[in-house]
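Since the structure comes first, as C-alpha cells, the remarks are kept for the end.
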Amino acid sequence: MRLKIKPENSIEWIALLFNLAPKPLIDTQVSFNAARAIMAAADLGIFEALGKTPKTIEQIINTTNTHLLATKNLLNCLVAMNYVIWNKDNYALNKKYYKWLLKEYPSNVIGKLQFQISEWNWMANLENFIKTGKSMNLHAIMSKEEWEKYQNGMRDLSINAAKELALKINIPKNATKMLDIGGSHGMYSIELCKRNELLTSTILELSNAIDRASAIAAQQNLTNRVKYKTGNALTDDLGDQEYDLIMINNVVHHFTLEENKILAHKIAKALKPGGIYAIGEFIRLQKPGEGGVVAATSGLYFALTSSSGTWSLEEIKSWQVAAGLKCVKPITLLTMPGWKVSIAYK
Ligand SMILES: C[S@@+](CC[C@H](N)C(=O)[O-])C[C@H]1O[C@@H](n2cnc3c(N)ncnc32)[C@H](O)[C@@H]1O
Numbered sequence: 001m002r003l004k005i006k007p008e009n010s011i012e013w014i015a016l017l018f019n020l021a022p023k024p025l026i027d028t029q030v031s032f033n034a035a036r037a038i039m040a041a042a043d044l045g046i047f048e049a050l051g052k053t054p055k056t057i058e059q060i061i062n063t064t065n066t067h068l069l070a071t072k073n074l075l076n077c078l079v080a081m082n083y084v085i086w087n088k089d090n091y092a093l094n095k096k097y098y099k100w101l102l103k104e105y106p107s108n109v110i111g112k113l114q115f116q117i118s119e120w121n122w123m124a125n126l127e128n129f130i131k132t133g134k135s136m137n138l139h140a141i142m143s144k145e146e147w148e149k150y151q152n153g154m155r156d157l158s159i160n161a162a163k164e165l166a167l168k169i170n171i172p173k174n175a176t177k178m179l180d181i182g183g184s185h186g187m188y189s190i191e192l193c194k195r196n197e198l199l200t201s202t203i204l205e206l207s208n209a210i211d212r213a214s215a216i217a218a219q220q221n222l223t224n225r226v227k228y229k230t231g232n233a234l235t236d237d238l239g240d241q242e243y244d245l246i247m248i249n250n251v252v253h254h255f256t257l258e259e260n261k262i263l264a265h266k267i268a269k270a271l272k273p274g275g276i277y278a279i280g281e282f283i284r285l286q287k288p289g290e291g292g293v294v295a296a297t298s299g300l301y302f303a304l305t306s307s308s309g310t311w312s313l314e315e316i317k318s319w320q321v322a323a324g325l326k327c328v329k330p331i332t333l334l335t336m337p338g339w340k341v342s343i344a345y346k
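Letter by letter, the sequence shown follows residues 1 to 346 in our numbering.
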C-alpha cells in the first residue's frame, strides 16, 4: 500500500503529468502538515466534539476549549482532506471516519493517533540514526505516560486484526493453553479465547507494560481466561510441553537475529506435540523495491526505535524450521496490510 498524489484540477493534472510540480515537497511538507493536523485533532478531542451532528465553530470550541481562529484553521485543513464536511457555516465529520475517529466505536484509532505524537518526536532522530547506526532502544527509555499511550495505540492497531486472525487461524478444538508473548492489551488472546471456549491465555509482558495493558484487557470481561505474567521472553524459561499455541505479534522486530533464533528453540520446547508457533509481523520483502511501502517504512521506524527491524517471511520461517517446527501457509489479513502470520507446527 502506498500514498499517492492526486491532482485536484486540470492544471495540477498537467503539472504532475509533465513532472513540473515538486513531488518531493508534496511528499513531505503536504504529508507531514496533513498528518499532524489529523493527530492534533485526535489529541485535542476535535473529532469527538464534532460527533455525528453538524456543529458551528463556536459549539466545537466550547467543547474542546481551544482558540477560535486556530481551531478554524485546523478544521479548514480537515475539510480540504475530506475528513470534515463544511456546509452553511457548520462542520460535520465525514461519516466514513465515524468508525475510526469516534470513541463509541471499538475500531477507533484515537489512541494510536495520540501515540503517534511520541512516534513523531522519535522520528526526529532519524538523521542521527542513519549517521551513527545507533538505535533508541525504546523499551528502555519510555516514560510512564509514553508506556500508557503505547499500550493504547497497540490496542487500536490490533482490534480488527485480532478478530480476523481469530477467524482464520486453525487451532485444535481441544486447545486449552496459549502463551501470548508481548501480548500487551490482550486483544489477540481475547478474540482467540472468545472463539475457542476451552482456551486460556497467559500474556507474558515487560513490567512497564502490565498496568495499562491489563486495564485495557479487563474492559473485555475475560479476565478469568486471560491472565498476565510479568517477565521477559528473552531471559525467562518458557517451560516444557505446556502450550497448544504460542503467539508473538509485533515483537520479533524488537529482537536481533540471534535472539529470535534462541527464542524459537525455547518456544519449540514449550509447545505440546502438535502445538503451533505463530509469528505476526510486518513483512520485509526479500529484495529492496519488491513491494510494500508499509513494510519498508515500518522497517525503518523499527530499526530506529529498536535494535532490530522488520524481517522477511523466509527469515522468520528459517527460525521456526531450525527449531524443528514445520511451517505451513502463512495467514494474510485484510485488516492489516503488509502484515503476515507465519504458522509452524511442532
Ligand atoms: C509493538 S508491541 C505489540 C503488542 C501486541 N502483541 C500487538 O501486536 O498489538 C510490543 C510489545 O512487546 C513487549 N515486549 C518487548 N520486549 C519484550 C520481551 N523481551 N518480553 C516480553 N514482552 C516484550 C512490549 O512491552 C510491548 O507491549
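Built from N, CA and C at the ideal position, the CB exists for glycine as well.
For T297, the enclosing alpha helix (DSSP H) has its first and last residue at 293-305. Around the beta carbon of M142, 16 or more other beta carbons lie within 10 angstroms, which makes this residue buried. In the DSSP assignment, Y277 falls within the unbroken beta strand (DSSP E) covering 271-282.
Counting C-beta atoms within 10 angstroms of its own C-beta, L17 has fewer than 16 neighbours from the protein chains shown and is therefore classed as exposed.
When distances are taken from the beta-carbon of S189 to the heavy atoms of ligand 1, even the shortest one reaches 7 Å or more. Taking 7 Å as the cut-off, the C-beta of I181 counts as close to a heavy atom of ligand 1. Judged by DSSP in its simplified three-state form, N73 adopts helix. Residue pairing of D180 in beta bridges, as defined by DSSP: I203, M247.
Under DSSP, A344 forms a beta bridge with Y277, C327. Residue pairing by DSSP puts Y91 in a beta bridge opposite K55, W86. As the crow flies, the alpha-carbon of A295 is around 6 Å from that of F282. Its Cα nearest to that of Y301, the residue Q116 stands out among Q116, R155, L334. Under the three-state reduction of DSSP output, T332 falls in the strand class.
Assignment of T28 by DSSP, reduced to helix, strand and coil, places it in the helix class.
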